[in-house]
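Asker: Submitted below is the structure of interest, expressed as structure tokens.
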Amino acid sequence: MAKESGAFKLLAGLLIGAAAGAAAGLLLAPQSGEETRKQLRKEADKLKKDLDKYSNDFSEQAKKAKKDIEARLAEVKSKLQSTANDVKDSAKKAKDEFQENVGV
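Under mature numbering (1 follows the signal peptide of the UniProt record, and there is no 0), the letters of the sequence shown match residues -24 to -1, 1 to 80, in that order.
As structure tokens, this is what we get:
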């Protein structure tokens, strides 16, 4: 979970830095206002596509993590059920032996 948070922070920082750098470069460039606006729209569209791509990647990672956790929980549940059955069988066996020895 901490890994994903760190990766998300890194990705957000990179996207914000790229956007700020692109905007600063465009605003300081010797171009007309219309050309600058076109470039800003183009950069915004590119950043949106990148963000969509990375959000899909994170979504896939979250789905994989969920699936892995569910599998592990099912395994633990199975082991607990098996252990509970073993304890139950041992208790029944001990009860039966006690009844045989005591004659109850």
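Quick reminder that beta carbons are idealized off the backbone N, C-alpha and C, glycines included.
1) Less than 8 Å between the beta carbons of residue 26 and residue -15, yes or no?
2) In three-state DSSP terms, what is residue 8?
3) Among 7, 19, 11, 9, whose alpha-carbon lies nearest the alpha-carbon of residue -5?
4) Under three-state DSSP, which class holds residue 79?
5) Taking Cβ to Cβ, would you say residue 16 is nearer than 8 Å to residue -2?
6) Take residue 67 and list the residues in its own chain whose beta-carbon comes closer than 8 Å to its own, dropping the five residues that flank it on each side.
7) Is the CB-CB distance between residue 74 and residue 34 below 8 Å?
Answerer: The answer reads as follows:
1) no
2) For residue 8, the three-state secondary structure derived from DSSP is coil.
3) When the alpha-carbon of residue -5 is set against those of 7, 19, 11, 9, the nearest one is in 19.
4) coil
5) The answer is yes: Cβ separation under 8 Å.
6) Taking C-beta separations shorter than 8 Å and ignoring five residues to either side along the sequence, residue 67 has no partners in its chain.
7) No. Outside cutoff.
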